[in-house]
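Everything on this sheet refers to the single structure shown next.
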Amino acid sequence: MSVGLHKKKLKLLLAGLILTLPLSLFAEGNLPIVPKAKAKATAEYGCVNPVADMRKNHMEYLLHQRDQTMHKGIRTKKYSLAKCIECHVTPDKNGKYAEYGDDDFFCSSCHNYAAVSIDCFQCHNDKPQSAYSSLSSNKQSLPEGHEKFASNDTLPSGDAE
Amino acid sequence: MKKANFVEIEGRSAGYLALLGFLGIFILAALGSTLYMEHNGHHVTGMTNQIVWGMPHVFAVFLIVAASGALNIASISSVFHKTAYKPLARLSGLLALALLVGGLMVLVLDLGRPDRLIIAMTKYNFRSIFAWNMILYNGFFLIVGIYIWTMMQRNLNKYTKYAGFAAFIWRLTLTTGTGSIFGFLVAREAYDSAIMAPMFIVMSFSFGLAIFLLVLMAAYNWTGRPLGDVIFTTLKNLLGVFVAGALYFVIVQHLTNIYAAGHIGVEEFILLNGGIYTKLFWIGQVLLGSLIPLALLYHPTWGKSRRLAGVAAALIIMGGMAQMYVIIIGGQAYPLELFPGMQVQSSFFDGMVNHYAPSLPEIMLGLGGMATAMITVALAIKVLRFLPESLADEVVDPHHH
Amino acid sequence: MSNTESSKNTELTRRKFLGTAAASAGLAIAPGVLLFRVAQAKPAAQAVTSKVRWGMLIDSTKCSTGCNDCVTACKTEHHLEGHNRPETDVQWIRKLKVTDKQTGHVMSLPMMCQHCENPPCVDVCPTGASFKRADGIVLVDRHICIGCRYCMMACPYKARSFEHEEVDDQAVSAPRGKGTVEACTMCVYRVDRDKQPACVEACSEAEHGAMLFGDLNDPESEISKRLAEYGGKQIRADLGLNTGVRYQGI
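As structure tokens, then:
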């Protein structure tokens, strides 16, 4: 994820923006353009929690899930970061994926705007597993396990297993 | 005996500003090196998956060890009631803090994720000697800070001896902790030895005092303040004792490693056929860092020369760096023994002497740590009363008339 | 939206297909796969417990010098692509060739994190990033690893690597990034989903049968039975670490 320069430029721009913005970031009319979770989501599925709640509390869910998975081997799908990406990161019409740091990448759409910096995607892949499953010419081969992980349980039923 | 009169240095001369500028360049270079290393990742350094601690750790451990040794002078005055050392106690405390700042700076800036320093400060694994060390370092700042404060604030002087005692105990613990960072590495033959901790304490005496002596000479020479023979000779002789003590421990360390612990392989490597490490040991550490300084300090005629005493102190510092290099890098260069007595080969350099070539950014980072320590001293003696106006014999020596 | 529609359809069919494929594969390798776990699979929401202790048994007599299948499987699984810089590229598992200088006898075996019961890396880690899960798997919590590398100094097996460079295109299941320490995870996300580590699977799929994975605490597991019958040595047993990876034929 070549965040580097691009991110810095954006940050500078945004830092300026932020100075002029009160904290009422998400007040009506001030919203950043957040890419839609188009491919996988339907009216039926939506996000894993009500959207207003996700906007406000996603970090807590993620950080909690992180520790649960890391230390206790709890692998529920609901708040899994890989799952967020599965739904929220989709290719454009040319099949290209936005990268973390780009304004049109889901997580950075807001974060750039709010000048939040997170290091998650230094380690976590910012593309969904399906980016690899669908492109057979991709240099990444797809070992088993991943296949299962990506396809069998893509759509969280809104709750833990 | 006159009472020592502590006065700030003027700090406006061209020389002083040049000194600050000179040190500042090194500090900038260190910060630049850090950015470069962190941006590209550590593969641009000489460090590898075999030699995981490199030049920054040589500098950092040296500075941290020297920091606790630099406090010696203050301890001798407050704990052992040697009044001759009393005028030097403030500078001794200051130098200790400054060296620790420099050492920790290098250590932290070399981390893979220095941005996570806050984690290191808030999450402790109490089984880790490293975590204990962080507590010891923080405590050192606090206790020595208080100690200096009791010395500077007249109405607190009565507490100086308690603070001095606390600082003395704390700093012995701190160096024990630093030595144990290596002593606990049971898997590595070079370090698996209980003598590591006491050896580090004696080394700290010698490195700390060598730096102290140089700083003292520089400060008094450059400000034109008198520095009498009495105090100088006392310090110089004490330095000789410490160097001899450190050398003794080195001998014991290697002998016990050969005979008691049976780590003959690594001893052969360091002492006989380890290439650069063997050279650094015999030439750097033993000859230049111990024997020649001893000769310079104790020789009937050379021993009278301040210049040669300064040379001796500088050699002791270089020898100390060589010793750290041999311990830290040499200890890792010698391969881990997975199957004693067997020949092991792999795609991951098993069974081979590991290669290390220090890179420029690493060295600049280390030098930047030293420069940080020095600039801290230079600035502090300008704003606060650390240095006695005079260390002439009549000020220092109770029996001098 | 037709795009979405069609992708959903392919997904459905693929899923169906996978379902059957998996079922038949399950039959074919069932003896190999099911060997290691008798009890029911752990539900995703359940925390791992110390009732289980995962371990491996490696039969060096069945491991041949030229074979690199386990290493390749690990690299593929975790996308451990190197930069052609052997001294700084990471290795989670490597093959050792051990020659007895006296007799000339040669042994071959894979070496990786030994998942010690008393891991020195965990003892020395200042932040607690190195830790041992209840089920005995030793991991680095890279969310709190500061990259001090003290664990690498402490590990007797040279099992850990420092990430010396920026990483791209990580496996989704194996996040990795610059400035932190990593090592064999025993494919923890597979184990949690009732599968074997990739290296073990590759070894048995190629019918070498040199690696066996299983629960050391369960006396009925294949690995425990084999260990009880033939024994299994620890490398550097003198250090008293009680490793979870044991070897035969060394």
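Residue numbers (our numbering), protein chains in the order written: chain A, 1 to 161; chain B, 1 to 401; chain C, 1 to 250. Ideal Cβ placement from N, Cα and C applies to all residues, glycine included. Note that the structure is predicted; figures quoted are calculated from it, not measured.
Residue of B/M342, B/V58, B/G320, B/A373 minimising C-alpha distance to B/F207: B/G320
Stretch pair the region 197-213 of chain B + the region 161-173 of chain C: three plus CB contacts closer than 8 Å: Below 8 Å, too few C-beta pairs join the region 197-213 of chain B and the region 161-173 of chain C to call them touching: fewer than three.
C/M107 and C/M211 - do their beta-carbons sit closer together than 8 Å? no
Compare the C-beta of C/V38 with all C-beta atoms of chain A and state if any pair is closer than 8 Å. At C/V38, the pLDDT of 42 sits below 50, so the modelled position is not reliable and the matter cannot be decided from this model.
The beta strand (DSSP E) enclosing A/Q122, as first and last residue numbers: Where A/Q122 is concerned, there is no enclosing beta strand (DSSP E), although the alpha helix (DSSP H) it sits in stretches over 120-123.
Excluding the 5 residues preceding and the 5 following B/G46 in the sequence, name in chain order all residues of the same chain whose CB lies nearer than 8 Å to its CB. G54, M55, Y356, A357, P358, S359, E362
Check the C-beta distance from B/L387 over to B/I76 and give it rounded, since I have them as a contact under 8 Å. Going by Cβ atoms, the distance from B/L387 to B/I76 rounds to 18 Å, so no, they are not a contact pair.
Below 8 Å on the Cβ atoms is my guess for B/I146 versus B/G103; work out the distance and round it to an integer in Å. Not a contact, Cβ separation roughly 21 Å.
Given a threshold of 16 other Cβ atoms within 10 Å of its Cβ, counted over all protein chains shown, does C/S24 qualify as buried or as exposed? A caution first: C/S24 carries a pLDDT of 38, below 50, which makes its placement in the model too unreliable to give a value.
Is the beta carbon of B/A373 less than 8 Å from the beta carbon of B/L28? Contact: no.
Are there 16 or more other CB atoms within 10 angstroms of the CB of B/Q323, so buried, or fewer, so exposed? Counting Cβ neighbours within 10 Å, B/Q323 comes out buried, since at least 16 surround it.
For A/P50, the first and last residue of its enclosing beta strand (DSSP E): Unbroken run through A/P50: none, as it is neither H nor E.
What does C/T103 touch in chain B if you count any residue whose Cβ is under 7 Å from its own? The contacting residues do not exist; C/T103 stays about 10 Å from chain B at best.
Could I get the ranges of all uninterrupted alpha helix (DSSP H) runs contained in the region 183-257 of chain B, with 4 residues as the minimum, in chain order? 196-223
Spatial neighbours of B/V243 within its chain, please: C-beta separation below 7 Å, excluding the five flanking residues on both sides. S206, S290, P293, L294, I316
Within-8 Å CB hit, C/Q91 to chain B: Taking Cβ atoms only, chain B reaches closer than 8 Å to C/Q91, which makes this a yes.
Measuring only the C-alpha atoms, how far is C/Q102 from C/E163? C-alpha separation (whole angstroms): 38 Å.
Kindly indicate if chain C contains any beta-carbon less than 8 Å away from that of B/H42. yes
If you drop the 5 nearest sequence neighbours on each side, which residues of the same chain put their C-beta closer than 6 Å to that of B/H263? E189, N257
Less than 8 Å separating the beta-carbons of C/C121 and C/R160? yes
Could you name the residues of the region 66-80 of chain A whose beta carbon sits closer than 9 Å to any beta carbon of chain C, in the order they occur along the chain? R66, D67, Q68, T69, M70, H71, K72, G73, I74, R75, T76, K77
With a 10 Å radius around its C-beta and 16 neighbouring C-beta atoms as the bar for buried, classify B/V383 as buried or exposed. exposed
For A/R66, which residues in the same chain have their Cβ closer than 8 Å to its Cβ, ignoring the five residues on either side in sequence? L81
Report the option in B/I143, B/G330, B/M370, B/L117 whose CA atom is closest to the CA atom of B/G275. Among B/I143, B/G330, B/M370, B/L117, the Cα nearest to that of B/G275 belongs to B/G330.
Pick helix, strand or coil for B/Q343, following the three-state DSSP scheme. strand
Quick one: is B/Q153 buried, meaning 16 or more other Cβ sit within 10 Å of its Cβ, or exposed? exposed
Amino acids of chain A, ordered along the chain, whose beta-carbon sits closer than 7 Å to that of C/V48: Under the 7 Å cutoff, chain A gives K72, G73.
Contact between the region 170-183 of chain B and the region 126-135 of chain B: three or more CB pairs below 8 Å? yes
Can you give me the Cβ contacts of C/C187 inside the same chain, cut-off strictly under 6 Å, excluding the 5 residues immediately before and after it? P197, A198
Any beta carbon of chain C sitting closer than 8 Å to that of A/N49? Any Cβ of chain C closer than 8 Å to the Cβ of A/N49 would place that residue at the interface, and such an atom is absent.
By the DSSP assignment, the beta strand (DSSP E) with C/T99 in it spans what residues? 93-100
C-alpha gap between B/G11 and B/E394, whole angstroms: 26 Å
Give the single residue among B/S390, B/V61, B/E38 whose Cα lies nearest to the Cα of B/P226. B/S390
From this set, C/C63, C/W54, C/A47, C/T127, which residue's C-alpha is nearest C/A206's C-alpha? C/C63
Which of helix, strand or coil does DSSP assign to C/F305? Summary: the structure shown does not reach residue 305 of chain C, with chain C confined to residues 1 through 250, and so no result is reported for it.
Distance cutoff 8 Å, beta carbons only. Does B/W53 sit that close to anything in chain C? At least one chain C Cβ lies under 8 Å of B/W53.
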